[in-house]
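Numbered according to mature numbering (1 follows the signal peptide of the UniProt record, and there is no 0), the sequence shown spans residues -45 to -1, 1 to 353. These notes are about the structure you will find just below.
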Amino acid sequence: MNKVMYGENRRRGGRNMLCRLLRSGRWFLCLALHCSVMLPGFASAAEPVPATAQCTDWNNSQGDIQLKLPASITIQPSMVDIPPIPSVTVKYKCSVPDSNNHTVAIVSLADAHNLISSLKSLGLTLKMTITDSSGGAVGHWTFPAPGGGGGIYPEYVAIGDSYKGNDGTGERTMTINATLSRNPSQSTRPGFYAIPSLSAFRLKPYYNYGSGPFLTSPAIRLQYVPTCFVRFQLDKNNINFGPVMTTDVDSSFSRRDNFTVTADVNPNCNSGQFGNLLGGYTPQLTGAQTYYLDLPLKVPFTLQGGGYISGNSILLYKQGTLTKNGLKLTITDPDNHPVKFGEIISPDAQSLPGNKLGEFSNGNFNAKKIYNVKLSATGEPALTGKYNAQVLVKVEYY
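Okay, here's the thing in structure tokens:
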């Protein structure tokens, strides 16, 4: 029998043998002492103890955490720093059913090898830095790992301040920052590699222990495209609106014309060596789909002379002067989106539908767009004399 039952068997006349040694004035104290021995487990049983070691989001869900990556990243020959990847924030909490100290970890999984294989093929380096709202440990990862082995090192990174298992981390926020870069001195062959949606990482209560949500990445294309890859042409190089009578220039005056921009692949680029750019790419995974080059095209319109830019229009000068002649020029696409004049940096391209020509995608390498040109009045007095504006049209990928 246990000690509690043994104490019961020693009772005589309703009194405990230990208590018989005390005076009657201490019976209450003795009884209280006896009760504390009889009921040792009740106080600890009331304490909440986590059932399993786990990490969840703030809503107690272990659903996948989606990393926000662009659908495609195009690398140009002189490019060292790739356009920035948006930061990802992860709201989480972890606990372990013990009283030990632990540190949250992100563990790499087998899918990370597919990521590394694609990065190596394009001569790219992916660096990840993971910080936590609790402070503490900062995680650093470099893929492929330095040294040329191409493996995954370290296998996991510790994140944030340590915590006592039973107490848990409380609600924390993790921030994941990633950068892509390449060494321009290394030769890179044209080609593209598609990384399917992967579950390459997992959040754990501590290194490789317990359960937690997967960190998944969407399908992404990494593609190296030579600068000369795209060839384009205009169906006309000159638009002549003819003579304009100053008496005709009022608020209703307008003359219209159009031109067509067509783009395809330049067969003479890179001596015709394009790797798999013109074909498909199927990752070496069971049931993987075939991916094709995804190359959005933009059309910058750069004013070379004959006026100045005002909003989405060119205010024309009287030829040979810097004097406005009362006319303006606008260019729009078939959906009446005005084009922006001037150079276009890649982050702006998606927000400028008028300057978007189309894309090479799904094995199609032709893009065409008709642009409408409108000559109209500015509202200022019209001046007699010739006018002549020059606009440089280019096609670029981004």
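Glycine is no exception: its CB is placed at the ideal position from the N, C-alpha and C atoms.
For residue j and residue i, believed in contact at Cβ under 8 Å, the rounded distance
i	j	result
Tyr111	Asn56	Not quite, the Cβ-Cβ distance comes to about 17 Å (not below 8 Å), so this is no contact.
Val59	Gly115	5 Å
Ala344	Leu250	Their Cβ separation, rounded to whole angstroms, is 31 Å, which puts Ala344 and Leu250 out of contact at 8 Å.
Asn327	Asn195	With a Cβ gap of about 16 Å, Asn327 and Asn195 do not count as contacting.
Ala218	Leu170	About 38 Å separates the two Cβ atoms, so there is no contact after all.
Tyr352	Val180	6 Å
Asp288	Gly266	So it is not a contact: roughly 16 Å between Cβ atoms.
Leu284	Ser209	Not a contact, Cβ separation roughly 11 Å.
Val346	Leu258	6 Å
Sheet register partners of residue i (DSSP bridge)
i	result
Glu314	Pro251
residue 374	Because the chain in this structure spans residues -45 to 353, residue 374 falls outside the shown range and cannot be described.
Asn132	Thr84
Thr171	Gln21, Ser154
Leu347	Thr257
Arg144	BP columns for Arg144 are empty, so no partner.
Tyr352	Leu252
Leu189	Val216
Cys10	Cys49
Tyr164	Tyr161
Lys323	Thr217
Ser63	Phe156
Leu338	Partner(s): none; Leu338 has no beta bridge.
Leu177	Ile28, Tyr148
Under 8 Å between C-beta atoms of residue i and residue j
i	j	result
Leu158	Pro168	yes
Gly230	Gly334	no
Lys324	Gly313	yes
Val185	Val254	no
Arg127	Tyr47	yes
Thr278	Leu338	yes
Ala133	Ile40	yes
Gln17	Ser166	yes
residue 355	Leu24	Residue 355 lies beyond the residue range present for the chain, which begins at -45 and ends at 353; the question has no answer from this structure.
Tyr342	Asn280	yes
Asp66	Ala155	yes
(request) Jot down the residue ranges of each uninterrupted beta strand (DSSP E) in the segment 234 to 297, minimum 3 residues, whole runs only, in chain order. (result) 250 to 253, 256 to 260, 262 to 265, 268 to 272, 279 to 287
(message) Please give me, in chain order, every unbroken run of the beta strand (DSSP E) with length at least 3 that falls completely inside the segment 17 to 56.
(response) 27 to 30, 43 to 50
(message) Taking 8 Å as the cut-off, does the segment 80 to 91 touch the segment 144 to 152 (at least 3 CB pairs, one atom from each stretch)?
(response) no
(request) May I ask you to verify whether the segment 159 to 177 touches the segment 195 to 202, counting CB pairs closer than 8 Å and requiring at least 3? (result) no
(message) For a minimum of 3 consecutive residues, which ranges assigned as the beta strand (DSSP E) are wholly contained in the segment 80 to 129?
(response) 94 to 98, 111 to 119
(request) Evaluate contact between the segment 71 to 80 and the segment 42 to 57, counting only Cβ atoms and requiring at least three cross-stretch pairs below 8 Å. (result) no
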